[in-house]
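Novice:
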Amino acid sequence: RAKRLGGDQMAFYSADLAVEAGRRLTLESELLQAFDRGEFVVHYQPRLDAGTRQVVGAEALVRWRHPSRGLVLPGEFIPICEDTGLILPLGRWVLEQAARQAALWHQRGHALTVSVNFSARQIQSQALVETMDQVLLDSGCPPQALEMEITESLLLGEDSAMLGQLDALNKRGLRIAIDDFGTGYSNLAYLERFPLDCLKIDRSFVNQLETRPAIAELIISMCKVLELQIVAEGVETTGQLDWLRAQGCHHYQGFLSSPAVPADRFETLLAPV
Ligand code: C2E
Ligand code: MG
Ligand code: MG
Ligand code: MG
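Numbering of the sequence shown is given in the UniProt record's numbering, commencing with residue 388 and proceeding in unit increments.
Right under this line is the structure:
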């Protein structure tokens with residue numbers, strides 16, 4: 388009986404896998420079309436000063452306006468874009484949008500930092516510096532107004548070419564932030580070698596602040612030693628914000644203030660100049 392049950396489960400799993408593989412193929416071809424049809428859109432989530440609660444920056448987050456499924460979030464399609472290589476043109480497109488938006492906001496007197504998420508493939512590309520220079524030139528965006536967000540796991544490899552490129556970019560004035568911090572395995576020695584300006588504490592630690600603050604405390608003291616700007620991600624309650632401010636966290640993002648919104652809605656959150 389146990390054996391038969393096992394057999395049934397196998398059949399069940401393989402049917403499931405076939406459905407999953409089919410869904411994935413559909414998504415892959417839809418994504419290619421989506422790029423050509425201009426179905427991607429960039430939304431901006433405000434980053435606020437923990438003390439004054441003024442908007443100091445924006446994180447560019449890509450969305451897919453799917454013709455029948457509505458707004459699709461990046462968790463569903465970025466991994467596929469990374470596997471297929473579409474992340475390179477898509478990532479460049481997001482960067483161009485964000486740089487243009489940052490330039491526009493600066494022209495209007497809003498000295499915001501606009502952050503853009505980079506995938507491993509983009510950071511490891513030998514064309515990274517050239518791409519960034521071109522985008523800055525075309526957009527008229529001041530380098531100081533752009534921040535590159537890279538994830539912790541990227542810092543683990545002994546990639547001296549990548550380190551060289553990041554150094555060159557940082558020297559131009561571009562900011563570099565480490566995203567989702569605490570979910571990878573980096574240590575102080577790794578962090579010190581990279582030209583970092585900012586560290587974003589992962590939402591999973593912010594979530595647990597009220598019950599298990601130890602990790603967030605540790606990350607914040609580490610940032611102080613390394614003299615990094617500290618941003619808390621995923622702040623949803625005033626209790627969390629109060630705790631973070633008391634610990635010396637500089638900035639925060641989260642549903643407490645706003646989710647990511649289209650650029651025109653974002654502007655309504657800015658103080659008049
Ligand atoms: P991330 O860079 O860590 O971005 C933060 C994510 O947390 C966003 O999800 C944001 O909407 C969500 N979030 C913000 N505040 C809160 C909150 O208070 N509570 C909760 N529960 N969630 C909050 P989103 O937009 O779905 O993006 C997911 C991930 O997709 C991003 O994580 C980033 O890694 C990736 N991503 C987004 N846009 C791009 C892009 O243009 N390029 C690349 N390579 N990755 C991107
Ligand atoms: Mg990010
Ligand atoms: Mg993050
Ligand atoms: Mg995160």
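Idealized CB from N, CA, C, for every residue including glycine.
For ALA405 and GLU614, what's the separation of their Cα atoms in angstroms?
Specialist: By 1-based counting over the sequence shown, the position of residue 405 is 18. By 1-based counting over the sequence shown, the position of residue 614 is 227. If you take the alpha carbons of ALA405 and GLU614, they lie about 50 Å apart.
Novice: How is the alpha helix (DSSP H) around CYS528 delimited, first residue to last?
Specialist: Reading the sequence shown from its first residue, position 141 is the one you call residue 528. Unbroken run through CYS528: none, as it is neither H nor E.
Novice: Which residue or residues does DSSP assign as beta-bridge partners of PRO433?
Specialist: Here residue 433 is taken as the residue at index 46 of the sequence shown, counted from 1. DSSP output for PRO433 lists ALA445 as bridge partner(s).
Novice: Hey, is the stretch 565-574 in contact with the stretch 538-545, meaning 3+ C-beta pairs nearer than 8 Å?
Specialist: Yes, the stretch 565-574 touches the stretch 538-545.
Novice: Using the three-state DSSP reduction, which class does GLY409 fall into: helix, strand or coil?
Specialist: For the purposes of this step, residue 409 is identified with residue 22 of the sequence shown, where counting begins at 1. Helix at GLY409.
Novice: Count the other CB atoms, across all protein chains shown, that sit within 10 Å of the CB of PRO466; report buried if there are 16 or more and exposed otherwise.
Specialist: Counting from 1 along the sequence shown, the entry for residue 466 is found at position 79. It counts as exposed.
Novice: Pull every residue with its beta-carbon under 6 Å away from any heavy atom of ligand 3, and keep them in chain order.
Specialist: Answer in sequence order: ASP566, ASP567, LYS587 and GLU620.
Novice: For HIS637, name the three-state secondary structure that DSSP assigns.
Specialist: Start at 1 with the first residue of the sequence shown, and residue 637 comes out as number 250. It is coil, neither helix nor strand.
Novice: Which residue spans inside the stretch 592-631 form an unbroken beta strand (DSSP E) run of at least 3?
Specialist: You should have 616-619.
Novice: Whole angstroms is fine: what's the gap from GLU579's alpha carbon to GLU483's?
Specialist: Residue mapping note: residue 579 aligns to position 192 of the sequence shown, counting from 1. Residue mapping note: residue 483 aligns to position 96 of the sequence shown, counting from 1. Spanning the two alpha carbons is a distance of roughly 30 Å.
Novice: Any idea what DSSP makes of PHE568, helix, strand or coil?
Specialist: On the sequence shown, position 181 is the one that residue 568 refers to. Of the three classes helix, strand and coil, the one that applies to PHE568 here is strand, per DSSP.
Novice: Compare the C-alpha of ASP589 against each of PHE581, PRO600 and VAL443 and name the closest.
Specialist: In the sequence shown, the residue the question calls residue 589 occupies position 202. Closest option to ASP589, Cα to Cα, is PRO600.
Novice: Taking the C-alpha atoms as reference points, what is the distance between ASN557 and PRO582?
Specialist: To locate residue 557, count along the sequence shown from 1; it is residue 170. To locate residue 582, count along the sequence shown from 1; it is residue 195. Answer to the nearest angstrom: the Cα atoms are 7 Å apart.
Novice: If we count the other Cβ atoms within 10 Å of its Cβ and call it buried at 16 or more, is ASN504 buried or exposed?
Specialist: If you number the sequence shown from 1, residue 504 lands on position 117. The residue in question, ASN504, is buried, as its Cβ has 16 or more Cβ neighbours within 10 Å.
Novice: Count the other CB atoms within 10 Å of the CB of ALA447; is the residue buried (16 or more) or exposed (fewer)?
Specialist: Numbered from its first residue, the sequence shown carries residue 447 at position 60. Burial call: buried.
Novice: When every heavy atom of ligand 2 is checked, does at least one fall within less than 6 Å of the C-beta of ASN594?
Specialist: As a position in the sequence shown, residue 594 is number 207, starting the count at 1. ASN594: no, Cβ never under 6 Å from ligand 2.
Novice: Just to confirm, does PRO649 get its C-beta within under 6 Å of one of the non-hydrogen atoms of ligand 5?
Specialist: Questions concerning ligand 5 fall outside what the structure shown contains, since the ligands it does hold are ligand 1, ligand 2, ligand 3 and ligand 4.
Novice: Using a Cβ-Cβ cut-off of 6 Å (strictly less than) and excluding sequence neighbours within five positions of GLN640, which residues of its own chain qualify?
Specialist: Locating residue 640 in the sequence shown gives position 253, where the first residue counts as 1. Here the set comprises GLN432, ARG434 and GLU620.
Novice: Using DSSP bridges, identify the partner residues of SER512.
Specialist: Walking along the sequence shown from the start, residue 512 turns up at place 125. In the DSSP output, where bridge partners are listed per residue, SER512 has none listed.
Novice: Counting Cβ pairs, one atom from each stretch, are 3 or more of them under 8 Å apart for the stretch 451-458 and the stretch 480-498?
Specialist: As far as the Cβ criterion goes, the stretch 451-458 does not touch the stretch 480-498, which means the pair count is below three.
Novice: Mapping DSSP to helix, strand and coil, what is ASN574?
Specialist: Taking the sequence shown and counting its residues from 1, the one referred to as residue 574 is at position 187. In this structure, ASN574 counts as coil in the three-state DSSP scheme.
Novice: Going by DSSP, what residue range makes up the beta strand (DSSP E) through THR538?
Specialist: By 1-based counting over the sequence shown, the position of residue 538 is 151. Element bounds for THR538: 533-538.
Novice: The beta strand (DSSP E) with THR500 in it runs from where to where?
Specialist: For the purposes of this step, residue 500 is identified with residue 113 of the sequence shown, where counting begins at 1. Element bounds for THR500: 500-504.
Novice: Would you identify the three-state DSSP class for ARG388, choosing helix, strand or coil?
Specialist: As a position in the sequence shown, residue 388 is number 1, starting the count at 1. Low local confidence applies: a pLDDT of 44 at ARG388 is under 50, so the model's placement there is unreliable, with the coordinate-based value given in what follows. Of the three classes helix, strand and coil, the one that applies to ARG388 here is coil, per DSSP.
Novice: Do you know offhand how far residue 357's Cα is from GLN509's?
Specialist: Past the edges of the chain, shown from 388 to 660, lies residue 357, and the structure says nothing about it.
Novice: Taking the beta carbon of VAL612 as the centre, do at least 16 other beta carbons fall within 10 Å, making it buried, or is it exposed?
Specialist: Counting from 1 along the sequence shown, the entry for residue 612 is found at position 225. The residue is exposed, with fewer than 16 neighbouring Cβ atoms inside 10 Å.
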